[in-house]
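Novice:
Residue numbers (the UniProt record's numbering): 1 to 273.
1) Determine contact between the stretch 144 to 151 and the stretch 172 to 179, defined as no fewer than three beta-carbon pairs at a distance below 8 Å.
2) Is the stretch 131 to 140 close to the stretch 29 to 39, with three or more CB pairs under 8 Å?
3) Identify which residue in 206, 41 and 64 has its Cα closest to the Cα of residue 189.
4) Three or more C-beta pairs closer than 8 Å, one from the stretch 115 to 130 and one from the stretch 49 to 65: is that the case here?
5) In the DSSP assignment, find the alpha helix (DSSP H) that holds residue 45 and state where it starts and stops.
6) With a 10 Å radius around its C-beta and 16 neighbouring C-beta atoms as the bar for buried, classify residue 27 as buried or exposed.
7) Suppose you measure from the CA of residue 71 to the CA of residue 120; what does that come to, to the nearest Å?
8) What do you reckon, are the CB atoms on residue 73 and residue 124 nearer than 8 Å?
9) So for residue 144, helix, strand or coil by DSSP?
10) Which one of 219, 206 and 218 has the shortest CA to CA distance from residue 228?
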């Protein structure tokens, strides 16, 4: 009898925990921190106006975070020995944002009245949503209620994020592992057209592709010409990055308006405690 009662209690606890971890909902902070979303949007708007590239960095950070064991803000954790996710090869260039650990306490949503009420994981999710909207994409409601992770796993980062040399089949396969479709993959990949890109990641595709062709056959010739103009062969190998859109202050091309952007930038992933 006692064993049966203990089993029932364990099952009940498991169900409660599962419900808590899967309890994402729109307007999650309506009662505990009603201004949370407005505060995040105001900070994102200010940052993007100052530097358009910050927008790409925020979307990239959210995507990289969610790809490694779910959206738990583990990409923001820092280790004194450099063993955290942000120091892995794939995450090394994740842009430092206004809500990194070093500046987070000075942000309005980290003030005493809201401290411990809004998770970093949710802030990243809201920021990514706001960037999409501010740069010309759709505005959508994002489900909140994620919990911040307390651990990181640098070793698996390179296995769960796409590499610059991946072909279509490899990209489709990797995104499918996260429950995302090819349309989702295109929407997320399109986010890389904001701000800057690293020349060494694509120069081999526009000059002497596979050593015997002048360019990558599947690439649109007009687009290839634009890339060549952005990264001349004489300087591209020496330049760490080049702009894929006009420099900050200039107009930007609107992002994709596909419905997949909503799903891709705000995946309903598990949280961790």
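Every residue gets a Cβ at the ideal spot worked out from N, C-alpha and C, and that includes glycine. This one's a predicted model, so the numbers in the text were calculated from it and none came from an experiment.
Specialist: The structure says:
1) no
2) no
3) In the chain shown, residue 189 corresponds to position 189, counting from 1. The residue with the shortest Cα to Cα distance from residue 189 is 64.
4) yes
5) Locating residue 45 in the chain shown gives position 45, counting from the first residue. Boundaries of the alpha helix (DSSP H) around residue 45: 36 to 50.
6) As a working note, residue 27 is residue 27 in the chain shown. It is exposed - the Cβ of residue 27 has fewer than 16 other Cβ atoms within 10 Å.
7) As a working mapping, residue 71 is identified with position 71 in the chain shown. As a working mapping, residue 120 is identified with position 120 in the chain shown. Roughly 10 Å separates the two Cα atoms.
8) Taking the first residue of the chain shown as position 1, residue 73 is located at position 73. Taking the first residue of the chain shown as position 1, residue 124 is located at position 124. Cβ distance < 8 Å, so residue 73 and residue 124 count as in contact.
9) Residue 144 sits at position 144 when you count from the first residue of the chain shown. In the structure shown, residue 144 sits in a strand (DSSP, three-state: E or B).
10) Stepping through the chain shown from its first residue, residue 228 is reached at position 228. Out of 219, 206 and 218, 206 has the C-alpha closest to the C-alpha of residue 228.
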